[in-house]
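Shown next, in structure tokens, is the structure this report addresses.
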Amino acid sequence: MRPRRPVPGRGILSGTGIIVSVLAGTVVALLVPLWSYADRPAAPVEPLSARTVATPYGPLSGQDRDFLIQVRLAGLWGAPAGERAEERGTTDAVRTAGRRLVDGYVFLDRRTRDVAARLGLPLPNEPTARQKQSLTTLDGAEGEEYDRLFANLPRLAYGQLLERVAQVRASTQNSLVRDLADDAATTVLGCVRALEATGDVDFASIARDLAASADPADTDTAAAATAVPSMAAPGDVVPLTPSGGSAAPTYVLPPAASSPPPQSPTATP
Numbered sequence: 000m001r002p003r004r005p006v007p008g009r010g011i012l013s014g015t016g017i018i019v020s021v022l023a024g025t026v027v028a029l030l031v032p033l034w035s036y037a038d039r040p041a042a043p044v045e046p047l048s049a050r051t052v053a054t055p056y057g058p059l060s061g062q063d064r065d066f067l068i069q070v071r072l073a074g075l076w077g078a079p080a081g082e083r084a085e086e087r088g089t090t091d092a093v094r095t096a097g098r099r100l101v102d103g104y105v106f107l108d109r110r111t112r113d114v115a116a117r118l119g120l121p122l123p124n125e126p127t128a129r130q131k132q133s134l135t136t137l138d139g140a141e142g143e144e145y146d147r148l149f150a151n152l153p154r155l156a157y158g159q160l161l162e163r164v165a166q167v168r169a170s171t172q173n174s175l176v177r178d179l180a181d182d183a184a185t186t187v188l189g190c191v192r193a194l195e196a197t198g199d200v201d202f203a204s205i206a207r208d209l210a211a212s213a214d215p216a217d218t219d220t221a222a223a224a225t226a227v228p229s230m231a232a233p234g235d236v237v238p239l240t241p242s243g244g245s246a247a248p249t250y251v252l253p254p255a256a257s258s259p260p261p262q263s264p265t266a267t268p
């Protein structure tokens, strides 16, 4: 018996078969990603979100709280260093930079304490171990060596602080923290410019130190040296007041884009 000839329009290669095959492939293409996603572990929660709390001024993240502590610590170290420079600097530029650090950080500390009190946040009352060591290093220097150290130690620290200020300013959802970041950026930049105006800043050395501080191998050592001291409740935070007296209530924020002081004209031969 001869085999039966295929009937036109039937079989896997027929028009109907092709349509069914395409539909089946489409269903598989849609289901495979769903099966793959269902087998994946849940994505970890972003660390900062777990530390975020609601406030009347917007969400307050862990990064925001750390920022207030860092600004407070910058003042606890910067104001005493500035006072020493006013007394021990060998040039007018160094003494002027010292005054700028005192005035700027007393103002910024007052703003920081106000924001922390409104948010119910504790703050440290003393510098970190590394900051105390830096003050001791400054106290042991004399003359031009003192001027050089005073210009470079704060310049390095405040360069790092400016990076954090920019990061917080860009990401915070809290209006109080955002306004504080604005004031911090202007104040710290003013201090940086005053230090650079001394002519003693070694920019190449600072660049190397900044690169070294980003080395993961130094993370544990840096963490131990910069560990935050014991924290004080808002009502127990001690105001940052220069030993000379007033808390500089008349200090005004320097312009954000102020020009460097004019240079003295040099005599032509």
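Oh and the sequence shown: position 197 is 196 in numbering that gives the first Met the number 0, straight run, nothing missing.
Glycine residues also receive a C-beta, built at the ideal position from the N, C-alpha and C atoms.
Could you work out which residue in Val227, Asp181, Arg154 and Ala210 is closest to Val200 when comparing CA atoms only? Val200 has its Cα closest to that of Arg154, out of Val227, Asp181, Arg154 and Ala210.
CB contact flag (Thr135, Leu72, <8 angstroms): no
Short Cβ contact (8 angstroms threshold) for Leu70 with Thr111: Checking the sequence shown, residue 70 turns out to be Val, not Leu. Their beta carbons are under 8 angstroms apart, which means Val70 touches Thr111 by this criterion.
Could you pull out every residue in the same chain whose Cβ sits closer than 7 angstroms to the Cβ of Thr54, ignoring the five residues on either side in sequence? Leu118 and Asn173
Using the beta-carbon count (16 or more within 10 Å), is Val237 buried or exposed? Under this definition Val237 is an exposed residue.
So Ala180 and Val191 are in contact, right, with Cβ under 8 angstroms, and what is the actual spacing, rounded? That pair is no contact at about 16 angstroms.
By Cβ distance, which residues of its chain are closer than 6 angstroms to Ala150, with the 5 residues on each side in sequence left out? Leu194, Thr197, Asp199 and Val200
Residues bridged to Val52 by DSSP? Leu59
Taking only the alpha-carbon atoms, compute the straight-line gap between Leu160 and Asp113 and give it to the nearest angstrom. 20 angstroms
Which full runs of the alpha helix (DSSP H) of 4+ residues lie inside the stretch 103-154, going along the chain? 128-138
Would you kindly check if the distance between the Cβ of Asp178 and the Cβ of Leu107 is under 8 angstroms? no
Does the distance from the CB of Ala115 to the CB of Pro233 come in under 8 angstroms? With respect to the 8 angstroms criterion, Ala115 and Pro233 are classified as neighbours on the basis of their beta carbons.
Please go through the same chain and pick out, in chain order, the residues whose beta-carbon is closer than 6 angstroms to the beta-carbon of Leu75, but skip the five residues on each side of it. Pro126
Cα separation between Tyr104 and Thr186? 8 angstroms
Of all the options Leu122, Ser212, Leu120 and Pro123, which has the alpha carbon lying nearest to the alpha carbon of Gly158? Ser212
Rounded to whole angstroms, what is the Cα-Cα separation between Ala203 and Leu175? 36 angstroms
Could you check which residue in Pro241, Ala84 and Gly61 has the C-alpha nearest to that of Asp138? Ala84
For Ala210 versus Pro123, is the C-beta spacing smaller than 8 angstroms? Inclusion of Ala210 and Pro123 in the CB contact set at 8 angstroms is not warranted, their separation being larger than that value.
From Leu152 to Thr171, what does the alpha carbon distance come to, in whole angstroms? 29 angstroms
Residue of Asp65, Ala226 and Ser229 minimising C-alpha distance to Val164: Asp65
Quick one: give me the first and last residue of the alpha helix (DSSP H) that Val191 is part of. Start and end: Ser174 to Glu195.
Simplified DSSP state of Ala210, which is helix, strand or coil: Correct three-state label for Ala210: helix.
Kindly indicate which three-state DSSP category Ala226 falls into: helix, strand or coil? Three-state result, Ala226: coil.
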